[in-house]
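Remember, my numbering sits 11 above the position in the sequence shown when you count from 1. For each residue, glycine too, the CB sits at the ideal point set by N, CA and C. Given the structure is predicted, the values throughout are model-derived calculations rather than measurements. To keep things clear, I will list the structure first and then write my remarks on it.
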Amino acid sequence: MREPDNRIKQIGSHTFFMPISKVKPLTSGTGRHNIYAMEYNPKKIVEAIDVLRETYEKNKTIKIYSIDYIGIREDGGSTPSSKFPTVFDHAKYGVVFIHYSYWRVTQEDNSFFILFLKDNELGDTIEENGWRMFFDAPITTFNVTRSRSCHIEKGNLKLTIHFKQNSTNDLLSLLTYKCLSSFIEDKIGICFQAFKAAQNCTTQQELDFLNELLNRNQEIENLNKQLFWEKLNCFYKEKAIEGYKEMLDEIKDIVETPYKK
Numbered sequence: 012m013r014e015p016d017n018r019i020k021q022i023g024s025h026t027f028f029m030p031i032s033k034v035k036p037l038t039s040g041t042g043r044h045n046i047y048a049m050e051y052n053p054k055k056i057v058e059a060i061d062v063l064r065e066t067y068e069k070n071k072t073i074k075i076y077s078i079d080y081i082g083i084r085e086d087g088g089s090t091p092s093s094k095f096p097t098v099f100d101h102a103k104y105g106v107v108f109i110h111y112s113y114w115r116v117t118q119e120d121n122s123f124f125i126l127f128l129k130d131n132e133l134g135d136t137i138e139e140n141g142w143r144m145f146f147d148a149p150i151t152t153f154n155v156t157r158s159r160s161c162h163i164e165k166g167n168l169k170l171t172i173h174f175k176q177n178s179t180n181d182l183l184s185l186l187t188y189k190c191l192s193s194f195i196e197d198k199i200g201i202c203f204q205a206f207k208a209a210q211n212c213t214t215q216q217e218l219d220f221l222n223e224l225l226n227r228n229q230e231i232e233n234l235n236k237q238l239f240w241e242k243l244n245c246f247y248k249e250k251a252i253e254g255y256k257e258m259l260d261e262i263k264d265i266v267e268t269p270y271k272k
């Protein structure tokens, strides 16, 4: 088994330790009987995370203290969070939430990062049909975990799903982190539904509309390509009508202004 990527990477104002570079094969899987079940080896998953834990602690970057496992079905539905990887038994994908503590200047704080499991490969990025999905970098040093973002992209096509907590009180940072972590665990299936839906998009306009559906909390699980296009056309027709009405209002204001004086 290859060792994790031990490089330190600088992003903006904080430095973080790369969790796993791209994907990490975990040798041959167990060959589950369910047609939608992925191959995975629970022992190898635990071993890979143990190596990750030892490397982090050796470099005194972060201290991993808790692991949560979530299985994702073919339709994007998710299993309840579990402390055991057996939730992957009838899943197509797996999500591993790694909770850790770190020192923020002189104060200990908490955060988490996310790894994906697909066909017995564990990594911080999941790839399918040329598309990539990943979460933003682990938070350390000077920062508090108030938000995390899921990025879905292919070349210049990009979709970002934001998960955010509104607390700005440092005394509530631990509570904020726990609430955010639980919220993302509950909503992680939406990321996979968006990942699947994005693969039907060929323009940024389509992705922007997909993001609009997510922001409106509209269901995208059973959104086939034809229905997506119908909704897309209706959406932009409404936008055009709104823009036309605004233009007429502006013209009306210009025309009426001299008579108001």
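In the displayed model, Gly134 falls within a strand according to three-state DSSP.
The C-beta of Val106 has 16 or more other C-beta atoms within 10 Å across all chains shown, which makes the residue buried. Listed in chain order, the non-local C-beta contacts of Asn222 below 7 Å within the same chain comprise Leu170, local neighbours out to five positions each way being set aside. Per the C-alpha coordinates, the member of Gly87, Asn70, Gly82 positioned closest to Lys207 is Gly87.
Collapsing the DSSP output to three states places Glu217 in a helix. For Arg64, the secondary structure class from DSSP, reduced to helix, strand or coil, is helix. Of the candidates Ser122, Lys69, Phe145, Asp130, the residue whose Cα lies closest to the Cα of Arg157 is Ser122. Relative to Phe145, the option among Phe99, Ile73, Ala205, Asp79 whose CA is nearest is Ala205.
Excluding residues up to 5 positions away in sequence, Ser158, Ser160 lie with their Cβ nearer than 7 Å to the Cβ of His173 in the same chain. Three or more beta-carbon pairs separated by less than 8 Å link the segment 107-115 to the segment 72-82, which places the two stretches in contact. Contact annotation: Glu85 and Lys71 have beta-carbon atoms that are not nearer than 8 Å. Looking from the CA of Asp147, the closest CA among Ile163, Phe153, Leu133 belongs to Ile163. In this chain, the beta strand (DSSP E) harbouring Lys129 covers 118-129. Cβ contact annotation for Ile56 (same chain, cutoff 6 Å, sequence separation greater than five): Pro96, in chain order. Between Ile75 and Tyr113, the C-beta gap is not smaller than 8 Å, which leaves the two residues out of contact. Beta-bridge partners assigned by DSSP to Leu170: Ile163. Counting along the chain, the unbroken beta strand (DSSP E) around Ile81 starts and ends at 74-83.
Residue burial is scored here from C-beta neighbours: Arg115 has at least 16 other C-beta atoms within 10 angstroms and is therefore classed as buried.
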